[in-house]
Each structure stands twice: as C-alpha cells, then as structure tokens.
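S.K.: After the structure tokens below, expect a handful of questions from me.
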Amino acid sequence: MARKDALAKMRAILVKRRDALRSALAGDLTLLKELRSQSPGDLVDAAYDSAQDEISSQLAEVESRELASIENALERMQEGSYGQCEVCGGRIPVARLQALPYATMCIGCQRELERSGEVGSQRAGEPIGGELEF
Numbered sequence: 053m054a055r056k057d058a059l060a061k062m063r064a065i066l067v068k069r070r071d072a073l074r075s076a077l078a079g080d081l082t083l084l085k086e087l088r089s090q091s092p093g094d095l096v097d098a099a100y101d102s103a104q105d106e107i108s109s110q111l112a113e114v115e116s117r118e119l120a121s122i123e124n125a126l127e128r129m130q131e132g133s134y135g136q137c138e139v140c141g142g143r144i145p146v147a148r149l150q151a152l153p154y155a156t157m158c159i160g161c162q163r164e165l166e167r168s169g170e171v172g173s174q175r176a177g178e179p180i181g182g183e184l185e186f
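Going by the working numbering, the sequence shown opens with residue 53, and the numbers climb by one from there.
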C-alpha cells in the first residue's frame, strides 16, 4: 500500500509541475512576441535582444522536453504502467520516482543505455542527453 500512496503523491507533483511548465512556456512565448514587436534602439541593443531571445528559446526547449516527459508519465499513470521500466519491465523503485517522477527506466537500464552511448537516440518524450532534474 505504501507504493500506491507514493505513486499517488507522484501524480500530484507531476500535475503541479506540468501546470507550472505550461504557464512558463505560455509566458515565454508571449514575452518573445512582445520583444520582437518593439523596434531595437541600436546595434548593441539588437545584439543583446538576439542573445536574450536565444537563451529564452533554449530554456523553452528544455522546459518543453520536460513537459513532454511529464505528460508521458501522466499517460502511463492512466494506463497503469507508471513505475514500470520500459526496457526490462521491472518495477522502478519509489526512491527513483521520488527523485525523478517521470523516469521511464530503472536505474540499471538507464545506466546501460548511457554506457552504450544510445542516450541521444531515446524514444520520443524522453529528454535528449539524459534525464532532466527539477
């Protein structure tokens, strides 16, 4: 029963984080549109704005990947497969799920994937270059 309670808490955490990311991403897009509509003062300002746009875009991309991972985890919860390793089918320990609520693999399978160098070819919905932390 403790695992079931822990998984229910994970759902609440995932939903809260998903909603926060959706709000942040909506805000980031609005801010970028506002910045582009304003005319830059000079070349230095334009370069600075361009650099800020690039940073904002990269942050939005990371947040977008995390959001996709969270939505994937919520779907697995509905299907009843949350907490089950997608590679070996074993249970993902609750401690791992508490550290990374949208983990799709047990630590052994994740390590093997990283060792084999296939991190960049992970399935859709998983962060590229390893798992994100929050």
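The C-beta atom is built at its ideal place from N, Cα and C for all residues, glycine as well.
(1) If you compare alpha carbons, which of R148, K61, E113, Y134 is closest to A76?
(2) Please classify A64 as buried or exposed, where buried requires at least 16 neighbouring CB atoms within 10 angstroms.
(3) Buried or exposed: which applies to G169, given that a residue is buried once 16 or more other Cβ atoms fall within 10 Å of its Cβ?
(4) Considering only the beta carbon of each residue, do L73 and E138 sit closer than 7 Å?
(5) By the DSSP assignment, the alpha helix (DSSP H) with L165 in it spans what residues?
(6) Alpha carbon to alpha carbon, how far is M129 from T156? Give it in angstroms, no decimals.
(7) Could you give the residue range of the alpha helix (DSSP H) that holds Q150?
(8) Do A60 and V146 have their C-beta atoms closer together than 7 Å?
(9) On the criterion of 16 or more Cβ atoms from any shown chain inside 10 Å, does L111 qualify as buried, or is it exposed?
(10) Whose C-beta lies closer than 6 Å to the C-beta of C161 among residues of the same chain, with five residues either side of it excluded?
M.R.: Judging by the given coordinates:
(1) Walking along the sequence shown from the start, residue 76 turns up at place 24. The residue with the shortest Cα to Cα distance from A76 is E113.
(2) Taking the first residue of the sequence shown as 1, we reach residue 64 at position 12. By the 10 Å Cβ count, A64 comes out exposed.
(3) Position 117 of the sequence shown, counting from 1, holds the residue named residue 169. Label assigned to G169: exposed.
(4) To locate residue 73, count along the sequence shown from 1; it is residue 21. To locate residue 138, count along the sequence shown from 1; it is residue 86. In this structure, L73 lies away from E138, with their beta-carbon atoms at least 7 Å apart.
(5) As a position in the sequence shown, residue 165 is number 113, starting the count at 1. Under the DSSP assignment, L165 falls in the alpha helix (DSSP H) whose first and last residues are 159 to 168.
(6) One-based indexing of the sequence shown puts residue 156 at position 104. One-based indexing of the sequence shown puts residue 129 at position 77. If you take the alpha carbons of T156 and M129, they lie about 12 Å apart.
(7) Residue 150 sits at position 98 when you count from the first residue of the sequence shown. Per DSSP, Q150 belongs to the alpha helix (DSSP H) from 146 to 151.
(8) Within the sequence shown, the letter at position 8 stands for residue 60. Within the sequence shown, the letter at position 94 stands for residue 146. Cβ atoms of A60 and V146: not closer than 7 Å.
(9) Looking up residue 111 in the sequence shown gives position 59. That one is exposed.
(10) Position 109 of the sequence shown holds residue 161. So the list reads C137, V139, C140, once near-sequence residues are dropped.
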